[in-house]
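Asker:
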Amino acid sequence: MKNLVFPIILLLATISGTLQAQSVNDENDIQDFARKFMNAYNQQDAEALRKMYLDDAVRIDQEGREIKGADNIAAYFADQFRQNKATLFMRQLSVNWWDREYTWGPKAPTR
2 MKNLVFPIIL LLATISGTLQ AQSVNDENDI QDFARKFMNA YNQQDAEALR KMYLDDAVRI
62 DQEGREIKGA DNIAAYFADQ FRQNKATLFM RQLSVNWWDR EYTWGPKAPT R
């Protein structure tokens, strides 16, 4: 019996993050938000993207720099639109809870 205590504790610790319940409404709201974000990005609408961030939001760009505040994040996107002619395509597979980041978010394939 003593030999089973540690493996059971370890097993419970690894699956505890997946036990978080999520409602269908939460998942639909997140999918709707992701679609709106993708559309605003592809229309190069920095103002619409600004409205999707809180005033104290922090975005970390691909180089690890922090961009703080909705206005600065919108300016970042506006600059990206001037420099790049990229199209954002998001294909959402599922919505998961990540304990480490404390956030709901879409899980998409990475390439």
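Just so we're aligned: 40 in this note's numbering is position 39 of the sequence shown, and the numbers increase by one with no gaps anywhere. C-beta: ideal position from N, C-alpha, C; glycine also.
With DSSP run on the structure shown, which of helix, strand or coil describes residue 28?
Answerer: Collapsing the DSSP output to three states places residue 28 in a helix.
Asker: Taking 8 angstroms as the threshold, find out whether the segment 84-98 comes into contact with the segment 26-43 through three or more Cβ pairs.
Answerer: Counting Cβ pairs under 8 angstroms, three or more are found: they touch.
Asker: Touch check for the segment 71-82 and the segment 53-61: three-plus C-beta pairs under 8 angstroms?
Answerer: Touching, yes.
Asker: Could you pull out every residue in the same chain whose Cβ sits closer than 8 angstroms to the Cβ of residue 50, ignoring the five residues on either side in sequence?
Answerer: 38, 41, 42, 74, 75, 78
Asker: State the CB to CB distance for the pair residue 35 and residue 93, rounded to an integer number of angstroms; the pair is presumed to be in contact (CB under 8 angstroms).
Answerer: 6 angstroms
Asker: Does at least one heavy atom of the ligand COA sit under 7 angstroms from the Cβ of residue 72?
Answerer: The ligand content of the structure shown is nil, which means the ligand COA is not present either.
Asker: By Cβ distance below 8 angstroms, which residues in the same chain neighbour residue 58 in space, the five residues on each side in sequence not counted?
Answerer: 69, 70, 71, 74
Asker: Using 8 angstroms as the limit for Cβ to Cβ distance, is residue 67 near chain E?
Answerer: Absence of chain E from the displayed structure is noted, only one protein chain being present.
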